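Just so you know, the sequence shown maps onto residues 1 to 315 in full-length UniProt numbering. Built from N, CA and C at the ideal position, the CB exists for glycine as well. Note that the coordinates shown come from a computational prediction; the quantities given were computed from them, not determined experimentally. Below is one structure, written out as structure tokens, with a few remarks after it.
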Amino acid sequence: MPDSHAGPSTQTTPFDEIDRADWSRLAPGAVSPLTDAEVVQLRGIGDRLDLREVAEVYLPLSRLLSLYARSAKRLHDERTAFLGESNARTPFVIGVAGSVAVGKSTVSRLLRELMSRWPDTPHVELVTTDGFLYPNAELERRGIMDRKGFPESYDRRALLRFVTEVKSGAAEVRAPFYSHLVYDIVPSASVVVRRPDVLIVEGLNVLQAPSTGQMSVSDLFDFSLYVDARTSDIAAWYEERFMALKHGAFTNPNSYFTVFSELDDDEARERARFFWSTVNEPNLLTNIRPTRARAKLVLVKDSDHTVRKVLLRKI
């Protein structure tokens, strides 16, 4: 697959392409509600998020999302009035997709914080699809442990059921809890969501098209976002993240990956490249990147993790 972000001509593309300079002017007068220390807490391993990036990229994005959420609320109110109903407002649901190591978790956490500061959406919840991976024992039983993160490794029915219940206004909905330390579902724990104004669903494959005649979780999204970058850049970020984990989280004796902390740096880099080339890159090229065209907005990153342009769907 060609790795180019030069889209088709403006006559055929469904997206408006907005360069960073123009995008940064779309939230005039907005001041970041976050401090530098808060931004540091939000960014992921290897990410270079700072206050300038927040101001120039994510404040305009959160403003746009606030407009969409307000419009959805107005439509809901008019619909209930038309039908003579008195249903409670349903949450505004945002899907965030992209490759491993591309920074989608940082984007999701940042949007949660920014949107919660808008007056119309004070209660924002974030759920990752990691909790809907099949437990390791089930993956082993199915013979797909080496395809963890591929679409078939998720309980997609459970994910669809979860988002449907939240979207339907259920008072309390529980999702499975996934531990990155033990690399597995924790049966005794759960993530509880209680009638949020906004639900952000973040994961590799959340924009995947439904099978023929079936409903997909993306059908329930009010807005969808894809975080994109060149494959070579994502590969480099993945390797650097692996090295940071080798010297950090992997040193915990309870970590599923503690064996990698004992490798020397050359061996660890070789292992990271192996994982990238045999698991993560094939998943990106075959399953994840093809869903980019289904997003309403695409953040296109440069090699230093800064967003260089935004693609906003116009049709």
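Following the DSSP letters along the chain, one finds Tyr-68 inside the alpha helix (DSSP H) bounded by residues 59-83. Annotation for Asp-19: the continuous beta strand (DSSP E) segment containing it runs 15-19. For Ala-137, no beta strand (DSSP E) encloses it; the enclosing alpha helix (DSSP H) starts and ends at 136-142. Closest option to Leu-126, judged by alpha-carbon separation, among Arg-48, Gln-214, Glu-239 and Arg-194: Arg-194. Note: Glu-125 is bridge-paired with Leu-199 in the DSSP secondary-structure output. The beta carbon of Val-57 sits closer than 6 Å to those of Val-307, all from its chain and outside the five residues before and after it, given in chain order. By the neighbour-count definition (other C-beta atoms within 10 Å, threshold 16), Val-201 is a buried residue. In the DSSP assignment, Phe-223 falls within the beta strand (DSSP E) that extends over 223-228.
Closest in alpha carbon position to Leu-133, among Val-54, Ala-97 and Tyr-183, is Tyr-183. Measuring C-alpha to C-alpha distances from Val-173 to each of Leu-199, Asp-302 and Phe-150 identifies Leu-199 as the nearest. Beta-bridge partners assigned by DSSP to Arg-43: none are found. When only Cα atoms are considered, Val-40 and Leu-49 end up about 7 Å apart.
Non-local beta-carbon contacts of Ile-144 in its own chain, meaning distances under 7 Å to residues more than five positions away in sequence, involve Glu-152 and Ser-153 in chain order.
In this structure Lys-104 is not in contact with Val-93, their Cβ atoms being roughly 16 Å apart against a cut-off of 8 Å. Taking 8 Å as the cut-off, the Cβ atoms of His-76 and Pro-196 do not count as close. Ranked by how close their Cα comes to the Cα of Glu-240, the residues Ser-24, Ser-303 and Pro-119 have Ser-303 in first place.
Straight-line spacing of the CA atoms in Asp-222 and Glu-262 works out to 45 Å. Residues Leu-51, Val-54, Ala-55 and Leu-59 of the same chain have their beta carbon placed closer than 7 Å to that of Ser-32, with the five preceding and five following residues left out of the count. Rounded to whole angstroms, the separation of the alpha carbons of Ala-158 and Asn-87 is 25 Å. Arg-25 sits in coil when the DSSP states are folded into three classes, being neither helix nor strand. Per DSSP, Leu-49 has no beta-bridge partner at all. Asp-266: not part of any beta strand (DSSP E); member of the alpha helix (DSSP H) spanning 265-275, first to last residue. Residue environment for Ile-315: exposed (fewer than 16 other C-beta atoms within 10 angstroms of its C-beta).
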